[in-house]
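Report on the structure given below.
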C-alpha cells in the first residue's frame, strides 16, 4: 500500500528560522522542523514533503502540484502572505484534501494587520502560537483524522 502524503509549505522568510527574531520564532531551524515532521510521519506510515519559498507564485505552483501528486493534506505557514494573498487562497480552494494553517507566533497578539488571514477561509484547522510545535500538532491532527476515516 502506498504511503499517504502530506505537503508542508513554508512561506517567505521562514528559511531564516533559528536566526531571524528568535525571541518571536524560536531557535529551531527550518531543517529542524522539516526533519522532525518527516521522522514523525514515517513512524506513522506517512510521507512528508517540505517546500519553502519566498515567492508567492512558487507556493501557488506547489499547491497546484499537490492537487495531482497524491497529496492527502497540506500544512501551510504562508507567513506574511497570510494577510495579503487571495491568490494562495484561490489555489488552496482548488485543492480537495485537508488544509491546516500554522503560525509559529500568536498572530493575534501582534500588529493588527496580522489578525486577518485569507488562508483561514479555506483551512480545516488553524494553529497559532505554539512555536514550531504547531507543525507537529497539525501533522498529528491530520494523521489521526485521515487514519480514522
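Numbering (this note's numbering), first residue to last: 1016 to 1164.
Just so it is clear, CB atoms sit at the ideal spot from N, CA and C, and this is done for glycine as well.
Q. On the three-state DSSP scale, how would you describe residue 1087?
A. By 1-based counting over the chain shown, the position of residue 1087 is 72. In the structure shown, residue 1087 sits in a strand (DSSP, three-state: E or B).
Q.
Check whether the stretch 1063-1074 and the stretch 1130-1144 touch, using three or more Cβ-Cβ pairs below 8 Å as the test.
A. no
**Q.** First and last residue of the uninterrupted alpha helix (DSSP H) at residue 1056
**A.** Here residue 1056 refers to the residue found at position 41 of the chain shown. Looking at the DSSP string, the run of the alpha helix (DSSP H) that includes residue 1056 is 1045-1058.
Q) Nearest-angstrom Cα distance between residue 1148 and residue 1084? A) Taking the first residue of the chain shown as position 1, residue 1148 is located at position 133. Taking the first residue of the chain shown as position 1, residue 1084 is located at position 69. Each residue's Cα considered, the two are about 27 Å apart.
Q: Would you decide whether residue 1054 is buried or exposed? Buried here means 16 or more other CB atoms lie within 10 Å of its CB.
A: In the chain shown, the residue the question calls residue 1054 occupies position 39. Burial call: exposed.
Q. Taking DSSP as the reference, what is the three-state secondary structure of residue 1097?
A. By 1-based counting over the chain shown, the position of residue 1097 is 82. In this structure, residue 1097 counts as helix in the three-state DSSP scheme.
Q: Would you kindly report the start and end of the unbroken beta strand (DSSP E) that includes residue 1115?
A: As a position in the chain shown, residue 1115 is number 100, starting the count at 1. Unbroken beta strand (DSSP E) run through residue 1115: 1113-1118.
**Q.** Alpha-carbon to alpha-carbon, residue 1021 and residue 1079
**A.** Taking the chain shown and counting its residues from 1, one reaches residue 1079 at position 64. Taking the chain shown and counting its residues from 1, one reaches residue 1021 at position 6. Computed Cα separation, rounded: 14 Å.
Q. Pick from 1153, 1065, 1144: whose alpha carbon is nearest that of residue 1030?
A. On the chain shown, position 15 is the one that residue 1030 refers to. The shortest C-alpha separation from residue 1030 is found at 1065.
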